[in-house]
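Numbering-wise, this note's numbering puts 689 at position 34 of the sequence shown, and it's gapless, one number per residue.
Heads up: the structure comes next, in structure tokens.
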Amino acid sequence: MFGYGNEWWALLVVPVFLWIPLGPLTMAGLGVWSALRPGRWWPRLWSVLLPVTVSAVLVSLPLDSWSRPGHTRDVVHYALVYIGALTVLPWLLGHGITRLTRTLRARRDRVAAVPAEAPDRA
């Protein structure tokens with residue numbers, strides 16, 4: 656790839672480009688999944704860290720690109736867009752909306768279960 660036989664890290668480009676259209680949907684689904692399943696925090700953490708780690712390898716390799724002017728700016732933009740907007744924000748939205756919906760439904764069901772008091776007749 657790219658004219659060199661030893662650039663194995665270039666294989667990470669395909670998943671990163673596929674993550675742009677499919678990542679937010681996947682992360683929102685993982686956020687909903689983690690909100691619906693009570694339990695340990697470790698699987699929830701991995702559902703966010705795994706896609707971020709794969710793309711971070713692509714941003715950090717090749718190591719000689721760090722001496723290029725503007726690379727730090729590129730890493731900051733990557734963190735804002737790829738990590739923030741495409742990965743973490745959809746996860747937080749899916750998780751938060753699911754938790755809010757479950758809370759509101761539980762509250763509504765609790766209110767519906769309590770019988771209304773009959774008015775006093777004098």
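Just so it is clear, CB atoms sit at the ideal spot from N, CA and C, and this is done for glycine as well.
Keep in mind that this is a model prediction, so the values were computed, not measured.
Under DSSP, the alpha helix (DSSP H) around Trp737 begins and ends at which residues?
Residue mapping note: residue 737 aligns to position 82 of the sequence shown, counting from 1. The sequence shown places Tyr at residue 737, rather than the Trp named in the question. Segment: none, Tyr737 is in no alpha helix (DSSP H) and carries neither H nor E.
Indicate whether Pro693 and Pro745 have their beta-carbon atoms separated by less than 7 Å.
Here residue 693 refers to the residue found at position 38 of the sequence shown. Here residue 745 refers to the residue found at position 90 of the sequence shown. Cβ atoms of Pro693 and Pro745: not closer than 7 Å.
Do His750 and Gly686 come within 7 Å of each other at the CB atom, strictly closer than that value?
Looking up residue 686 in the sequence shown gives position 31. Looking up residue 750 in the sequence shown gives position 95. Cβ atoms of Gly686 and His750: closer than 7 Å.
Going by DSSP, what residue range makes up the alpha helix (DSSP H) through Ser710?
Counting from 1 along the sequence shown, the entry for residue 710 is found at position 55. Its alpha helix (DSSP H) spans residues 697-715.
When you compare only the Cα positions, how much space is there between Thr758 and Ser689?
On the sequence shown, position 103 is the one that residue 758 refers to. On the sequence shown, position 34 is the one that residue 689 refers to. Cα to Cα, Thr758 sits roughly 15 Å from Ser689.
Note down, in chain order, each residue of its chain lying with its Cβ closer than 6 Å to the Cβ of Met832, except the 5 sequence neighbours on either side.
Residue 832 falls outside the range modelled here, since the chain spans only 656 to 777, and no answer is possible.
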